[in-house]
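Heads up: the sequence shown is residues 0 to 262, going by numbering that gives the first Met the number 0.
In what follows, a structure is listed as structure tokens, so that the remarks can point back to it.
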Amino acid sequence: MLKVLDHLEESLIAFLMAAATTIIFVAVMQRYAAGVPFLYDYVGHLDFSWAQELCIIMFVWMAKFGAAYGVRTGIHVGVDVIINRLEDGMRGKFIVFGLLAGALFTGTVAGLGGHFVWENGAHYFFTNLFGLEIGDLYEGPITPDMEMPTWIVYSAIPLGSSLMCFRFVQVCWSFMRTGELPHHDHGHVEGLEEDTTDEQRAAQDINWFEMDDDLHPKDLAHHKGESGDPSLDGNTKVSTSKGPTPDDWEGGDASNKEGEPRR
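Here it is as structure tokens:
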């Protein structure tokens, strides 16, 4: 069931993003093509005045559901410098508190947003849909260009916030069971898996500026390199020599080939 929800969430975000981009592209092309004399007869009568409003609505929906996706995948920006310096037990308590606080906040927004949408025209729509007595129910306003009921636009708030609240609870429950949080690797792209051999991993360059857990650069005099080379241990110094000097060449070093010009 959760996988179905995950795929539905991702598909909705991808569709909204692709559709909004396509509509904007077509609207811009139509506007510039209408300025060309021999194309005006073909595209001049097309009306894309609704395109901007629709794209704004689609981006609002995309942002709300994208926020829920960000909670599930761990791509939201977080300030965790102090949290990471705490002991494991205390750190876990603060993480759970933060996740539950996020669930409480988004749940509150979902409740208030749902009430606003219901009173802003949704109550009238569903009452009329099922043939019930409308009475003095408020029909609600409409958008200026597309004349769409605004409660449809505002529905992104309760729906997106409800899904975001669920994701906070889901991540919190997973953390209490496994002790792990969702983490997004910015250097990894899904679908582009590569089989890396041990030789290739060993040949990778050492990141001289990588930070340890204590937020200080690695000291190669006390740590082994990432490639697993035992030569980079605490008893080995890293050579900073840039190669032989001109004196070495003139001195007739045995390693120098005969006939090779001096440099």
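Just so you know, even glycine gets a beta-carbon here, dropped at the ideal spot from N, CA and C.
None of the values given here were measured: they were computed from a predicted structure.
Check: Distance CB(histidine 138)-CB(tyrosine 123) smaller than 7 Å; Outcome: Here residue 138 is glutamate; the residue named in the question, histidine, does not match the sequence. Result yes, Cβ atoms of glutamate 138 and tyrosine 123 sit closer than 7 Å.
Check: Buried versus exposed, by CB contacts within 10 Å (16 or more), phenylalanine 167; Outcome: buried
Check: Under 7 Å between C-beta atoms of glycine 112 and isoleucine 156; Outcome: yes
Check: Unbroken alpha helix (DSSP H) run spanning glycine 101, endpoints; Outcome: 87-116
Check: Strand pairing of isoleucine 141, partner residues [DSSP]; Outcome: Pro148
Check: C-alpha gap between asparagine 127 and arginine 71, whole angstroms; Outcome: 37 Å
Check: Chain-order list of residues whose beta-carbon lies under 7 Å from that of glycine 159 (same chain, five-residue window excluded); Outcome: Lys63, Phe64, Ala66 and Ala67
Check: The region 24-42 / the region 84-99 touching (three or more Cβ pairs under 8 Å); Outcome: no
Check: Glycine 65 in three-state terms, based on DSSP; Outcome: helix
Check: Span separating the alpha-carbon of phenylalanine 14 from that of glycine 178; Outcome: 34 Å
Check: Which of helix, strand or coil DSSP assigns to serine 160; Outcome: helix
Check: Reduced DSSP category for leucine 45 - H, G, I as helix; E, B as strand; rest coil; Outcome: coil
Check: From Lys92, Val152 and Pro143, residue whose alpha carbon lies closest to that of tryptophan 117; Outcome: Val152
Check: Leucine 45 versus His6, Phe165 and Gly34, residue with shortest Cα-Cα distance; Outcome: Gly34
Check: DSSP three-state assignment for phenylalanine 24, whether helix, strand or coil; Outcome: helix
Check: Same chain, Cβ closer than 6 Å to alanine 121, neighbours up to 5 away in sequence not counted; Outcome: Trp150
Check: Alanine 13 in three-state terms, based on DSSP; Outcome: helix
Check: First and last residue of the uninterrupted alpha helix (DSSP H) at valine 78; Outcome: Premise fails: valine 78 is in no alpha helix (DSSP H) and is neither H nor E.
Check: Straight-line Cα distance separating tyrosine 31 from valine 42; Outcome: 10 Å
Check: Nonlocal neighbours in the same chain, by C-beta distance under 8 Å from isoleucine 55, ignoring five residues either side; Outcome: none
Check: Where histidine 182 falls: helix, strand or coil (DSSP); Outcome: coil
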